[in-house]
Every structure is written in C-alpha cells, then in structure tokens.
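Encoded as structure tokens, the structure appears first; notes follow it.
Number of protein chains: 2
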Amino acid sequence: MATRTLAHWAVSLNDIPCSTRSAAVKSLYNYIGCAIGGSNHPTTKKARDALSPFFGKPTSTLLGAQSPCFSKADPQHAALLNGIASHVHDYDDTHLATIIHPAGPIASALLAWAECQGGVSGQAMIVALVIGIETSCKLGRAIWPHHYDIGWHITSTTGAIGAAVAVGKLMELDDEQMMHAIGLASVQVVGLREMFGSDTKSFHPGRAASSGLLAALLAQKGYTSSEKALEAKRGWANVVAGGGVPRLDDLLASLGQTWEVEANSFKPFPCGIVCHPAIDAAVQCHHELRSKSPALPLENIEAVELRVHPLVVELTSKENPQDGLESKFSVFHGCAVGLLSGKAGPAQYADDVVTSREVIAMREKVKIISDDSLLADEVHLSLRHQRGMVIEKHVAHAIGSAHVPMTGQQLTDKFVDQTSLVLGADGAKAASDAAWTIAEVDSVETVFPMFRGRPRGTAR
Amino acid sequence: MATRTLAHWAVSLNDIPCSTRSAAVKSLYNYIGCAIGGSNHPTTKKARDALSPFFGKPTSTLLGAQSPCFSKADPQHAALLNGIASHVHDYDDTHLATIIHPAGPIASALLAWAECQGGVSGQAMIVALVIGIETSCKLGRAIWPHHYDIGWHITSTTGAIGAAVAVGKLMELDDEQMMHAIGLASVQVVGLREMFGSDTKSFHPGRAASSGLLAALLAQKGYTSSEKALEAKRGWANVVAGGGVPRLDDLLASLGQTWEVEANSFKPFPCGIVCHPAIDAAVQCHHELRSKSPALPLENIEAVELRVHPLVVELTSKENPQDGLESKFSVFHGCAVGLLSGKAGPAQYADDVVTSREVIAMREKVKIISDDSLLADEVHLSLRHQRGMVIEKHVAHAIGSAHVPMTGQQLTDKFVDQTSLVLGADGAKAASDAAWTIAEVDSVETVFPMFRGRPRGTAR
Numbered sequence: 001m002a003t004r005t006l007a008h009w010a011v012s013l014n015d016i017p018c019s020t021r022s023a024a025v026k027s028l029y030n031y032i033g034c035a036i037g038g039s040n041h042p043t044t045k046k047a048r049d050a051l052s053p054f055f056g057k058p059t060s061t062l063l064g065a066q067s068p069c070f071s072k073a074d075p076q077h078a079a080l081l082n083g084i085a086s087h088v089h090d091y092d093d094t095h096l097a098t099i100i101h102p103a104g105p106i107a108s109a110l111l112a113w114a115e116c117q118g119g120v121s122g123q124a125m126i127v128a129l130v131i132g133i134e135t136s137c138k139l140g141r142a143i144w145p146h147h148y149d150i151g152w153h154i155t156s157t158t159g160a161i162g163a164a165v166a167v168g169k170l171m172e173l174d175d176e177q178m179m180h181a182i183g184l185a186s187v188q189v190v191g192l193r194e195m196f197g198s199d200t201k202s203f204h205p206g207r208a209a210s211s212g213l214l215a216a217l218l219a220q221k222g223y224t225s226s227e228k229a230l231e232a233k234r235g236w237a238n239v240v241a242g243g244g245v246p247r248l249d250d251l252l253a254s255l256g257q258t259w260e261v262e263a264n265s266f267k268p269f270p271c272g273i274v275c276h277p278a279i280d281a282a283v284q285c286h287h288e289l290r291s292k293s294p295a296l297p298l299e300n301i302e303a304v305e306l307r308v309h310p311l312v313v314e315l316t317s318k319e320n321p322q323d324g325l326e327s328k329f330s331v332f333h334g335c336a337v338g339l340l341s342g343k344a345g346p347a348q349y350a351d352d353v354v355t356s357r358e359v360i361a362m363r364e365k366v367k368i369i370s371d372d373s374l375l376a377d378e379v380h381l382s383l384r385h386q387r388g389m390v391i392e393k394h395v396a397h398a399i400g401s402a403h404v405p406m407t408g409q410q411l412t413d414k415f416v417d418q419t420s421l422v423l424g425a426d427g428a429k430a431a432s433d434a435a436w437t438i439a440e441v442d443s444v445e446t447v448f449p450m451f452r453g454r455p456r457g458t459a460r
Numbered sequence: 001m002a003t004r005t006l007a008h009w010a011v012s013l014n015d016i017p018c019s020t021r022s023a024a025v026k027s028l029y030n031y032i033g034c035a036i037g038g039s040n041h042p043t044t045k046k047a048r049d050a051l052s053p054f055f056g057k058p059t060s061t062l063l064g065a066q067s068p069c070f071s072k073a074d075p076q077h078a079a080l081l082n083g084i085a086s087h088v089h090d091y092d093d094t095h096l097a098t099i100i101h102p103a104g105p106i107a108s109a110l111l112a113w114a115e116c117q118g119g120v121s122g123q124a125m126i127v128a129l130v131i132g133i134e135t136s137c138k139l140g141r142a143i144w145p146h147h148y149d150i151g152w153h154i155t156s157t158t159g160a161i162g163a164a165v166a167v168g169k170l171m172e173l174d175d176e177q178m179m180h181a182i183g184l185a186s187v188q189v190v191g192l193r194e195m196f197g198s199d200t201k202s203f204h205p206g207r208a209a210s211s212g213l214l215a216a217l218l219a220q221k222g223y224t225s226s227e228k229a230l231e232a233k234r235g236w237a238n239v240v241a242g243g244g245v246p247r248l249d250d251l252l253a254s255l256g257q258t259w260e261v262e263a264n265s266f267k268p269f270p271c272g273i274v275c276h277p278a279i280d281a282a283v284q285c286h287h288e289l290r291s292k293s294p295a296l297p298l299e300n301i302e303a304v305e306l307r308v309h310p311l312v313v314e315l316t317s318k319e320n321p322q323d324g325l326e327s328k329f330s331v332f333h334g335c336a337v338g339l340l341s342g343k344a345g346p347a348q349y350a351d352d353v354v355t356s357r358e359v360i361a362m363r364e365k366v367k368i369i370s371d372d373s374l375l376a377d378e379v380h381l382s383l384r385h386q387r388g389m390v391i392e393k394h395v396a397h398a399i400g401s402a403h404v405p406m407t408g409q410q411l412t413d414k415f416v417d418q419t420s421l422v423l424g425a426d427g428a429k430a431a432s433d434a435a436w437t438i439a440e441v442d443s444v445e446t447v448f449p450m451f452r453g454r455p456r457g458t459a460r
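One line per chain: the protein sequences are A and B, in this order.
All residue numbers for the first sequence refer to the UniProt record's numbering, where the first residue is 1 and numbers rise by one.
All residue numbers for the second sequence refer to the UniProt record's numbering, where the first residue is 1 and numbers rise by one.
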C-alpha cells in the first residue's frame, strides 16, 4: 500500500501548518540563492554548453543566466541545469537525519514546470514543495543508512521521486496518475557517491529533477507503471535498500504527523559540513580581533590551534589544496579565510584565493588536534597574535546546525553574498527581495525576471 | 582499471571480424523493424503526446512516424521514443546468457545521434553498435545473475552505459572523455522488473538510450566523473550487483576475444521467450495441415496437447487473456493463433484478435502438461482434427534459439510483417531494403526517410 498511501496523501493535502510553510519558504529562498550563485560555475557552464543546442521551446528560466540568448530553456533542461547549479558549490541545504539536500531536485523541477505552465500561485508552489520534500525525506529515512552506506547518493535517488510528486501536485494529478508518476520516477535511480569530487556530483540532483519532471509528464498522459512500485518484492525500496530492511510503512505513516522540511538546515559555508564549527569559530575570532583593534594586521596572527571532532581530521585534513574544489576538503583553508576576511563564501573558495600567498601563509599556521570527546558540531579554537593577544573560542554548536539555525538575516546575507558575484550588488538585492516574496505572489512567473542577469548594455 | 580498460578498448577499436559485423547488421536490421513496428502502439503514442511539446530542433527521425508534424525530434527525445517503440511489442532481440535485449538502448541513441550529426558512415555506425553491445553484455555478464534476481531490468541498467560508449565512439571521444562518459552513464541506473506488464517496461530501454546519449554529450564538453566509476568500492558494479561479487576484470579481459553480439538472438514471436517452442510447433502444424489439405477447416481441430518445460506453465498459463498485453503471457493464445493463421506476429496479438470468438474457441482446445525432462526451447505437440487427422510434432529447439537462429529471410519476413501495419506493404518493403543496406552507405541519414510514414495525401 505504500505507493498508494503516498499518492493519496500527496493528492489530498492542501493545508499545511504555519511553521511548515515558513520552513518551506526558507528552503526555497536558500535554493534560489544557491542556484543563482552556482550558475556561472565551470561545471554548470560545461553542462549548459553541451546541452543548449538541444533546448526546446524556452519557457523556463535558467537561474542566474547571463547570456540573453540562453536565459531560458525547455522545462526538462532548465530542471537539469538549475539542479546542477544549486548543488555545485556544496552550499545548499541539509536534512540532517539523512544528509539529503532536499530542495535541489524538487525545487528545480517545480520552478521549471511552474514557469512553463503559467498562473501557478506562490501558495500552490509552497505546498507542492513541501509535498516533494516530505516524500524525499520520508523515503530517505526508510532506507537509511544502508542505502547511503553501499554507495548511493541519497539526495538524488530519493529526489527524483520527490520531484515527480511535487510536479504531479502542481499538475493536479489524481491518485492513479500520481501512483504511476511515483513508479516512473522510482525506476530512474540516479547518483553514486563515487562521483564526489567530480562534476558528476552536482549532475545528480539535476538529473533527479529532470527525471522526476519526466515521470510526471508521462503519468499525466496516462502512461502506466506499477501500483506497488515502492513496496513490491522487486520494487524500489527493496532493490535500493542495500541489504537493509526498508521501513516504508512506518515512515509513510508519519506523513503529515512530523514535517521533515522543518528539520531542513542551511549551510553557512560552501564546503563539507564537518568543517563548519572551525570556520564558525574563525569568523568569530576575526570579528573579535577587529572590534578590539580595528587596525590590527591579521596576517601577524602567529598560531592557531583547533581541537576538532575526529571526522574533521578524517575528511578534511588537506593541508595544501590546489584549487577551489580541493579547498572544500581543507579545514585549514576554511579557518584561514575565516580569520582573514571574516567570511567563507564562494568568493573565499575561488581558485585565486586558494593559491594566494596570504591565504597559504595563514593555512600553514593552523594546527588541528583530534578530540573524540567533542560533538560533530563542536570546536575549540585558540589563537595567538604577534602582539601578545590570545583568544580562546569554544563553539558548542556550529552555526547552521540544528541547535543554531541560520536566521533570516543570515540567509539573506548568504543569498546576497553569493548572488552578487553573478547579478551584481543591486541585482542581488532585487533577487533576494523577490525570492523572499515568492510564496505570496499570484503567479510565480512574474518574479523570474529578477533571477536572471540583465541583457548586455543595460545599466546595472 | 575496469573503467579505463573499457574506455581504451572502445576508443581504439576500429576493425571487427566479418562474422561480428554480420551479426551487428542483423541486430540493427531487427531493431529498426521493431522500432517502426512499435511506433503506433498506444504506449509509444502516450509518450509522444506527453513529450512533443518539449521537443528541441527536429534533427532525428522518430522511426515509423506517421504525422508529418512530428516525424523528427531532438536526439534525446528521439532516442527515448525509439527505445520505447523498439521494446513495446516484446519482439526485439535477446542475448541469451544475460537476457539483455541489447540493441534497443544502444541503437536508439546511436541512430538519433548519427542523423543529428550527419555524415556518419554505415561502417562507423556498425562499429559503434558493436562496441555498445559488447559493453552492455560484458557488464551484464559481470553482474549476472544477482543483479537481475534482486529486481533490476538488466537491459536498461547496462544499456545506458552501452549507449554512452557507442555514441562516444561516433563522437571520437578520447580515453579520458570516454571514461567520464562511462561514469556519467553509470550513475543513471534505470529499470526495475516490478514494471513488467506496464507501459514503464518499455520506458526502460528508451530512458537508457537518452541517458547514455546525455552522458556522452556532457563528457564531450569536458564534464568529469570518476576514473573508477565501474570498479570503485562504491562504484557501479558493487552498488548494483545485488549481493553478488561482480566479475568485471574477467569479463572486460574478454573484450575483443569473444563477441557477445554474435550470440544475440531475435524473437520470432512478440511474447515471452518461453512460449516460443509451442508457437513454433503450432505454426509448423498449420502449414502441414494446409499442405495436406488446403481447404481443411482449421476451426474443426478437436484437441491440442502441449508437453512443455515447467517454466511455460509457471509464466504463461493465462487461459483467458483479455487484451493484447495479457495475451503475451498466454501460451494458449500463441498456440491458437499459430494454428489458425500460421503466424504469430503483432497482428495476432492485437486486442480484437485476442477477443475474437474463433481464437477464444481454439484457445479452449489447448491443454498443457508440464514435463521437466524437456529443455527450455523444446516442445511436444499432438493435435487431433475432426476428420481423423492426427499430427505429432517435436520441436527440439525452437526457432530463434541459439541452435536454430532466424535466417535472413525469416528476419525480413518479420520486418515486413510488422512494419506493413505502420508503413503499408510498399513502404515496408522499401524500409526493409534500406535497413539491410544501412551498413554500406556513406552517410546514414540518407536512408532515414524510408523509415518514416509518408505525409498525408501522398500515394502509397
């Protein structure tokens, strides 16, 4: 009954609690910022160059698009490319219980379809987004952790089904059609962890988005799959569970009882989550030093010691990263840029920052000590400056963790910071305002122009 | 080294043995007939209706297309739709050691890309097809049988990688690009056996085709994946092996030593392969009765007894099928139409034939007896006619099996028979001639017009 249960719940749901709606608005806002921010990354550009000759009727915005020629694509390609862009900086959202990054696959499909369709209200979009995220995260919980352990990238394997259900909701599919959409998405299992560190990692949420959209499009025309796609002996859950016993019934029984989207968190820094406590502490030290002594030369910090959770050492102890991608796996880099600039956004992970003399010198002063008495989101930092100043900083829970969620203002700063690099400062501010209000508009396509770069020759 | 080994082999191969080439020509010919034959099936039509609003520049033929408006699509959609059409009648090819239907995913991607690209010779196409089929079937052997047993549809899970490599060969990718194409295809794992009996079964080879093509398009532009995509601890083979231990190295060592395409077989009847011996026997009886007594009323056959392999009873004992799809799982139906009409092609599996009084009456006269001393491709049939005639027929190996491959003439008859229902008799003959010569042309796009229906108002 799992497939039918999920389909019926998705088709029937229209009211969501206020707290759920608010969490979904934040998830969508953060997604839009990340997709614009990732739109001019080389990975995204390669994919756009490869696929633009095959675009169909351009109905759907490529978020952050700079070229007036290719500011839109058909919805399947828009879903794919926006999905790539949203994940490419490792800066998106995290459902901590499953480490799913839920918004990417689902919002990419949803925005592409909503704009193509026209007349979709912000309210309808938010409800559909919630349904997609609940689908993806409940299914993820049902197959966690074996599914992830054997090597599947759980963001995309569950994301395709979430995207299909979300788009199916906008299409107003009936129960039967929705079951078939779930089935059609369930046979498209995308994403292997082996690809982490390559362009293909961000292909995963992109392809999940286009696969989910395709599933909904076919189901809408009566294309059939199985009514037991998820739960059958040889259905999705058993096949992808990786030796574990899927807990489909338990998890689907909690649909509408607990809301997974409310547990969605947002990355404050564009790198692996285990580095975040150290970066948080470094950023705090920067501001403390600056407030004590505004003219202090930060390059004269003498030594920095970090006591960290053992996973930090295991996963991010790259001492001498060579480029932006490698620097995401270096706690030394994150700490160094945090101390020097007081922030660690995409600009601080650019190739030329990674290879700058000042940053290299600071990285070399950072030492790490593994301490298994610490929590994963905890760190101790101690710093000594040439002028005799010593700072001790204990971060009990890093920013962005479940205990210290990003505030609305912090999300806005993150959005504006990363989108400024694409849209310019004014464009970024306008895009941010539009993205915060998308849930309230009558017709979401009216806000999409704010998410594209301006045609050449137009004043900024 | 598996990924690198496969990539290097595919990039380097240019000469293939004569017997391999001949087998590939037959596989391509049979594929084209099946894809044209399946083009007006309701499943294919639903998919075309759903997706035609999103087609890009129409460069690639939809095989068998009747509408002048939609006779072509962009290559990704053409690959998807032709892949669906090629499999929808369950009438395609079978690599018996893995029960992969190899041509569908690979040829669908290859034809779509070759026509879009232009100037591809028939010879280059055949080499690329061989490379794709070897890739798909060697990988299939490496993960057989556990992969299939747990529920994956092995045709499409291996077919996406075969399609990527085949298209990559036409693109003249280098070793690095080819490795990344393999990796990009490997993360798109399509197809669950749970979908057998629904429209989604034939979606699988279609989606494998478009996924493989997409992988090659991205790799061509420098999009990266992993150089150990197939063999890594969390790479493709280990993740999809279903608990078995993949034998990648063994199988890839046999690349170019044994040619899987030479073991490809072709279905003589559009239904599950276990029914084929019984249908073969029934068709032979029809012709024997007709030659003995041309005017004999076949409806006065009194009784038919089949001694069959136990799998026939297990899989195809549906006594009273209600439509064409169900009749594919009825040995009674296959036997009845074989006796009455001397053939069992798509026309004999049409809904109105399945429900006709004459066919129902004949089905009711057929009894089956399970006999575990028989081989899977063996059958004993005994028949008694009202006029006292008795026929005993022992088929030791059914037509289409490894022992009794379809002859060139039988393949032609199959092609013309199924394509006549789409293109008319003259069109079918012309398409058949073109398909037999495709390997020899300088530029394959010159033959594609023969594979489309003629615009309305044109004389047949």
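Note that the Cβ used here is the ideal one computed from N, Cα and C, for glycine as well.
Source: prediction; values computed, not measured.
- Contact check between the stretch 344-363 of chain B and the stretch 265-276 of chain B: three or more CB pairs, one atom from each, fall below 8 Å, which counts as touching.
- Ranked by how close their Cα comes to the Cα of residue 304/B, the residues 336/B, 295/B and 296/B have 336/B in first place.
- Burial is judged here by how many other beta carbons sit within 10 angstroms of a residue's own beta carbon; residue 369/A has fewer than 16 and is exposed.
- Judged by beta-carbon spacing, residue 93/A lies beyond the 9 Å limit of residue 83/A, meaning their Cβ atoms are not closer than that value.
- Three or more beta-carbon pairs drawn from the stretch 162-176 of chain A and the stretch 125-136 of chain A are found closer than 8 Å, and the two stretches are therefore classed as touching.
- Within a 10 Å sphere around the beta-carbon of residue 390/A sit fewer than 16 other beta-carbons, which makes this residue exposed.
- CA-to-CA, the gap between residue 400/A and residue 266/A works out to about 6 Å.
- Between residue 216/B and the set 182/B, 193/B and 135/B, the nearest pair of CA atoms involves 182/B.
- Contacts with chain A at 9 Å (Cβ-Cβ) do not include residue 70/B.
- Those residues of the stretch 307-330 of chain A placed with their C-beta closer than 9 Å to a C-beta in chain B do not exist.
- Look at residue 30/B: its C-beta is not under 9 Å from any C-beta on chain A.
- Residue contact with chain A for residue 245/B: absent (no Cβ-Cβ distance below 9 Å to any residue of chain A).
- Against residue 144/B, chain A offers no close residue; the least beta-carbon distance is about 16 Å (beta-carbon pairs closer than 9 Å).
- Residue contact check for residue 362/B against chain A: no CB pair falls below 9 Å.
- Per DSSP, the unbroken beta strand (DSSP E) holding residue 264/A starts and ends at 264-266.
- Within its own chain, the residues whose Cβ lies closer than 8 Å to the Cβ of residue 89/A, once the five positions on either side in sequence are excluded, are 34, 37, 38, 41, 270, 346, 349 and 418, listed in chain order.
- DSSP places residue 227/B outside both helix and strand once states are collapsed to three, so it counts as coil.
- Judged by DSSP secondary structure, residue 176/A falls within the alpha helix (DSSP H) whose first and last residues are 175-186.
- Its chain contains 265 and 266 as the residues whose beta carbon lies nearer than 8 Å to that of residue 405/A, once the 5 sequence neighbours on both sides are disregarded; these appear in chain order.
- Among the residues facing chain B, residue 234/A is included, as its CB has a counterpart in that chain under 9 Å away.
- When Cβ-Cβ separations below 9 Å define contact, residue 47/B makes contact with chain A.
- In the DSSP assignment, residue 141/A falls within the alpha helix (DSSP H) that extends over 122-143.
- With fewer than 16 other CB atoms across the displayed protein chains lying within 10 angstroms of its CB, residue 300/B is exposed.
- Close partners of residue 74/A in chain B (Cβ separation under 8 Å): 54 and 56.
- When C-alpha distances from residue 372/B are compared across 413/B, 312/B, 199/B and 152/B, the shortest belongs to 312/B.
- Beta-bridge partners of residue 152/B (DSSP): 192/B.
- Taking a C-beta cut-off of 9 Å against chain A, the contacting residues of the stretch 79-112 of chain B are 80, listed in chain order.
- Contact of residue 50/A with chain B is assigned, a C-beta pair being separated by under 9 Å.
- Taking a Cβ-Cβ cut-off of 8 Å, the neighbours of residue 221/B in chain A comprise 46, 47, 49 and 50, given in sequence order.
- Contact check for residue 117/B against residue 210/B fails: the beta carbons are separated by 9 Å or more.
- Membership of residue 218/A in the alpha helix (DSSP H) is indicated by the continuous run 200-220.
- For a cut-off of 8 Å, the C-beta gap from residue 184/A to residue 225/A is around 5 Å, short enough to register as a contact.
- Two segments are said to touch when three or more pairs of C-beta atoms, one from each, lie closer than 8 Å; by this definition the stretch 134-151 of chain B does not touch the stretch 107-117 of chain B.
- With three or more CB-CB distances shorter than 8 Å, the stretch 359-366 of chain B counts as touching the stretch 314-332 of chain B.
- DSSP, read as helix, strand or coil, puts residue 303/B in strand.
- For residue 331/B, the enclosing alpha helix (DSSP H) stretches over residues 331-341.
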